[in-house]
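Position 4, counted from 1, in the sequence shown is what UniProt numbering calls 4; the numbers after and before it change by one each time, with no gaps.
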Amino acid sequence: MGHGRSLQWMTRRRAVLIKVRWCAISKWFGLEVPVILRNSEEIEFNTRVSKKEMKQVKNPFGLAITNPASASVTNGIALTPDCIEESILTCYWGCDVQELYEALQKHVYVSRISTPQALEDAIYSKYVYREQHFVKKNNKEEKYCQLPSDAKIEDFGIVPRSQYPLVALLTLADEDSQGLYDIISMVTVIHIPDKKYKLSCRILYQYVLLAQGQFHDLKQLFMSANNNTPSLSNSSPGEQSTDRHLLEKAGLAESEVEQYEENSKDCVVCQNGKVNWVLLPCRHTCLCDGCVKYFQQCPMCRQFVHEYFSLCNQKEQDKETQKSEGTVTS
């Protein structure tokens, strides 16, 4: 009988000890319920990373700023289009911000923006000045864009602004060629510095518009910087800090201020395989075919990987390798 009581007491004592431990944990978290702690890396490791299936489409348009440091609202800007078909470059100075994004929605639901006139109608001609350039096929001829002197515009107001300094539209010159491509036009939003807003010249956003009615925001892919090559940016650290502050003040994404650098084509892990995989959502392009399957976190920024996709398939890689090595196959 005494032995039975002793066993019952020990059982109760164990229950009390367990309860005390749970209370200590609950009190530590400021909660009234038990909390189970697990290693975050263990949780993420068991989460399956999905491979994203991508549809490859050919973009007939390309546009770059020739010399960003020399661009300004008063001096103008030099743009270099690179198109695989004859195209038309239409520049809208002082384009209304709200009307532009409503025009993109109209492309989805109302009418396709495949010509300069279609965009002009969609934004209700709410811009300061419009100029147009013909772009020859595969010709990287520089196009100089500038506000006329009689416009007497030195700035587009203080932040937040209701107008973008410049919106460039690229469309196919021959409308019959539109059936050959999924992408029928490209809209590029460009910031140009002026007296009231001195953020350095850059492309803020780029949208490709599809014939089926979708539009997609083009995003930069970040690759590992080659330590043996200097940065292509001419900005000093002080200027970069100022640019970041101005971007934050304007409500723009902080990632847009990252400087472009010459990229390495080698995997950051094995330093041997060719980089081929883009990790999402961080967009770091840093792993080869052999290493990508071992990572749930990006090796560059440690952000957990939700999805990933390849830049090219194995057949395309083999062709590039043979081309670079000068091998010829029959």
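The beta-carbon is built from N, C-alpha and C at its ideal position, and this holds for glycine as well.
Contact under 8 Å by Cβ, residue i with residue j
{"i": "leucine 210", "j": "tyrosine 164", "result": "no"}
{"i": "lysine 219", "j": "arginine 302", "result": "no"}
{"i": "valine 268", "j": "proline 299", "result": "yes"}
{"i": "isoleucine 203", "j": "isoleucine 77", "result": "no"}
Residue i: first and last residue of the uninterrupted beta strand (DSSP E) it sits in
{"i": "histidine 133", "result": "129–135"}
{"i": "leucine 104", "result": "Looking at the DSSP string, leucine 104 is not in any beta strand (DSSP E); the run it does join, the alpha helix (DSSP H), is 97–109."}
{"i": "glutamate 307", "result": "307–310"}
{"i": "alanine 168", "result": "163–172"}
{"i": "phenylalanine 215", "result": "215–217"}
{"i": "glutamine 206", "result": "202–210"}
{"i": "methionine 186", "result": "183–191"}
{"i": "leucine 79", "result": "77–81"}
{"i": "cysteine 286", "result": "284–287"}
{"i": "valine 278", "result": "277–280"}
Residue i versus residue j: straight-line alpha-carbon distance, rounded
{"i": "tyrosine 308", "j": "leucine 279", "result": "5 Å"}
{"i": "valine 292", "j": "aspartate 217", "result": "26 Å"}
{"i": "asparagine 139", "j": "aspartate 82", "result": "6 Å"}
{"i": "asparagine 272", "j": "leucine 311", "result": "17 Å"}
{"i": "valine 110", "j": "alanine 122", "result": "10 Å"}
{"i": "asparagine 75", "j": "glutamine 146", "result": "7 Å"}
{"i": "glutamine 98", "j": "glutamine 105", "result": "11 Å"}
{"i": "valine 73", "j": "threonine 188", "result": "17 Å"}
{"i": "glutamine 296", "j": "phenylalanine 304", "result": "6 Å"}
{"i": "valine 49", "j": "alanine 151", "result": "54 Å"}
{"i": "glutamate 41", "j": "asparagine 59", "result": "In this prediction, glutamate 41 has a pLDDT of 47, which is less than 50 and means its spatial position is unreliable; what the coordinates show is noted afterwards. Those two C-alpha atoms are separated by around 39 Å."}
{"i": "leucine 119", "j": "proline 160", "result": "24 Å"}
{"i": "residue 331", "j": "lysine 137", "result": "Since the first residue shown for the chain is 1 and the last is 330, residue 331 is missing from the structure and cannot be characterised."}
{"i": "tyrosine 144", "j": "alanine 168", "result": "12 Å"}
{"i": "glutamate 142", "j": "phenylalanine 134", "result": "11 Å"}
{"i": "cysteine 95", "j": "lysine 55", "result": "32 Å"}
{"i": "histidine 107", "j": "phenylalanine 215", "result": "8 Å"}
Limits of the unbroken alpha helix (DSSP H) element including residue i
{"i": "aspartate 121", "result": "116–122"}
Status (buried if at least 16 other CB within 10 Å, exposed otherwise) for residue i
{"i": "isoleucine 192", "result": "buried"}
{"i": "tyrosine 294", "result": "exposed"}
{"i": "valine 57", "result": "exposed"}
{"i": "methionine 223", "result": "buried"}
{"i": "proline 68", "result": "buried"}
{"i": "cysteine 270", "result": "exposed"}
{"i": "residue 354", "result": "One cannot answer for residue 354 here, as it falls past the ends of the chain, which runs 1 to 330."}
{"i": "leucine 199", "result": "buried"}
{"i": "glycine 290", "result": "exposed"}
{"i": "serine 185", "result": "buried"}
{"i": "glutamine 132", "result": "exposed"}
{"i": "glycine 179", "result": "exposed"}
{"i": "proline 116", "result": "buried"}
{"i": "tyrosine 92", "result": "buried"}
{"i": "tyrosine 124", "result": "exposed"}
{"i": "leucine 79", "result": "buried"}
* At least three beta-carbon pairs within less than 8 Å, the stretch 78–87 to the stretch 197–212 -> no
* Asked: Per the contact definition of three or more C-beta pairs closer than 8 Å, is the stretch 145–159 in contact with the stretch 122–135?
  -> yes
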